[in-house]
Amino acid sequence: MSFNFKYQLWFFSIIAITFFSCGKDSACFKGTGKIVEEQRVISSDVTMIRTQNNIDIVITQSNEASLTIEGGENLLPYINTDVSGTEITISSDNKCSMFRDYSIPITAYLSLPNITKINYTGQGNITSTNTLNLTSLDIESSGGTGSINLNLNVNDFSVGQHSGPADFTFTGSVKNARVYTLGSGWFYLQDFISEKLEVNHSGIGDVILNVTDRLDIGLQSHGNINYYGNPTVIIYTHTGSGQIIKK
Numbered sequence: 257m258s259f260n261f262k263y264q265l266w267f268f269s270i271i272a273i274t275f276f277s278c279g280k281d282s283a284c285f286k287g288t289g290k291i292v293e294e295q296r297v298i299s300s301d302v303t304m305i306r307t308q309n310n311i312d313i314v315i316t317q318s319n320e321a322s323l324t325i326e327g328g329e330n331l332l333p334y335i336n337t338d339v340s341g342t343e344i345t346i347s348s349d350n351k352c353s354m355f356r357d358y359s360i361p362i363t364a365y366l367s368l369p370n371i372t373k374i375n376y377t378g379q380g381n382i383t384s385t386n387t388l389n390l391t392s393l394d395i396e397s398s399g400g401t402g403s404i405n406l407n408l409n410v411n412d413f414s415v416g417q418h419s420g421p422a423d424f425t426f427t428g429s430v431k432n433a434r435v436y437t438l439g440s441g442w443f444y445l446q447d448f449i450s451e452k453l454e455v456n457h458s459g460i461g462d463v464i465l466n467v468t469d470r471l472d473i474g475l476q477s478h479g480n481i482n483y484y485g486n487p488t489v490i491i492y493t494h495t496g497s498g499q500i501i502k503k
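Under the numbering used here, the first residue of the sequence shown is numbered 257, with each subsequent residue one higher.
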């Protein structure tokens with residue numbers, strides 16, 4: 257049996273299994289339907305957001321908590337918004353997402369008084385509609401393939417990319433910041449004014465920073481660290497072909 261035949265047999269077997277697992281009445285055999293909005297229940301106690309699958313998240317800081325899901329009416333029943341304590345997980349149960357056209361995205365519009373943590377493992381994008389005024393914010397990305405673009409005014413900030421090609425753009429200001437990357441995404445922080453920042457770069461993409469007081473650098477990668485400002489620079493590790501470049 258040739259390799260090509262084995263591969264074709266495997267490929268079509270996967271497709272067949274996927275369709276049968278979906279069931280004839282599932283989203284696999286339906287169009288997306290007309291675009292509708294659906295209100296979901298959420299408490300103002302929620303401060304942590306976990307995202308999965310191909311769902312865009314639009315965050316607004318507001319005194320009132322609310323959650324609206326927008327997308328094709330045949331797909332919304334497969335969108336989960338599970339709240340456990342202070343954490344909400346937004347995900348999809350659509351097993352046939354590999355056959356979907358994502359030119360019409362599913363979007364979750366999320367309003368909260370406060371946000372302390374974002375866990376990002378999806379393919380969608382995360383954006384904000386206004387400046388998020390926060391005491392602290394921790395962002396962790398594992399396998400994310402979209403982008404995060406937030407405007408922040410925060411005292412203590414941490415962002416870590418453990419894997420994946422997601423890109424990160426932050427604007428605003430921060431007193432103390434930490435940036436860690438082991439992925440292949442780029443970090444655009446040139447308009448995110450940091451008083452003190454520590455960066456540990458073991459990824460592939462470039463990191464662009466703007467620091468006023470102190471910049472601590474650990475660089476073990478092929479990607480570069482570019483920085484604006486005139487901070488005191490302390491380099492505690494520098495290996496690999498990546499460069500440290502003052503702009």
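Note that CB positions come from ideal geometry on N, CA and C, so glycine has one too.
Cβ shell of residue i (< 6 Å), same chain only, five flanking positions each side left out
i       : result
Gly-474 : Asn-456, Tyr-492 and Thr-493
Asn-409 : Thr-387, Asn-389, Gly-428 and Ser-429
Ile-395 : Ile-374 and Val-415
Ser-300 : Ala-321 and Pro-369
Gly-399 : Thr-377, Ser-419 and Gly-420
Ile-404 : Ile-382 and Phe-424
Asn-309 : Ser-347, Ser-348 and Gly-378
Asn-432 : Asp-412 and Lys-452
Arg-470 : Lys-452, Pro-487 and Thr-488
Cβ distance (whole Å) where residue i is taken to contact residue j below 8 Å
i       : j       : result
Gly-402 : Gly-378 : 7 Å
Gln-476 : Gly-461 : The Cβ separation is near 14 Å, so there is no contact.
Ile-501 : Asn-480 : 6 Å
Thr-383 : Val-314 : 6 Å
Ile-325 : Thr-307 : The pair is not a contact, with the Cβ atoms about 13 Å apart (cut-off 8 Å).
Leu-323 : Val-292 : Between Val-292 and Leu-323 the Cβ distance is about 15 Å, and since that is not below 8 Å, they are no contact.
Asn-350 : Gly-287 : Asn-350 to Gly-287, Cβ: 13 Å. No contact.
7 Å Cβ shell around residue i - same chain, five flanking residues per side excluded
i       : result
Leu-445 : Phe-426, Ile-464, Leu-465 and Asn-466
His-478 : Ile-460, Gly-496, Ser-497 and Gly-498
Ile-449 : Ser-429, Asn-466 and Thr-468
Residues bridged to residue i [DSSP beta-bridge criterion]
i       : result
Ala-433 : Phe-413 and Leu-453
Glu-293 : Glu-326
Ile-481 : Val-463 and Ile-500
Gly-474 : Asn-456 and Thr-493
Glu-320 : Looking at the DSSP assignment, Glu-320 forms no beta bridge with any residue, so it has no partner.
Leu-408 : Leu-388 and Gly-428
Same chain, Cβ closer than 8 Å to residue i, neighbours up to 5 away in sequence not counted
i       : result
Val-302 : Ala-321, Val-339, Thr-342, Glu-343, Ile-344 and Leu-368
Leu-393 : Ile-371, Thr-372, Lys-373, Ile-374, Leu-408, Val-410, Asp-412, Phe-413 and Ser-414
Ala-422 : Tyr-376, Ser-397, Gly-400, Thr-401, Gly-402, Ser-403, Ile-404, Gly-439 and Gly-441
Are at least three pairs of beta-carbons, each pair with one atom in the stretch 327-345 and one in the stretch 408-423, less than 8 Å apart? no
Curious, which full-length beta strand (DSSP E) runs of at least 3 residues does the stretch 345-401 contain? 362-368, 373-376, 382-384 and 388-398
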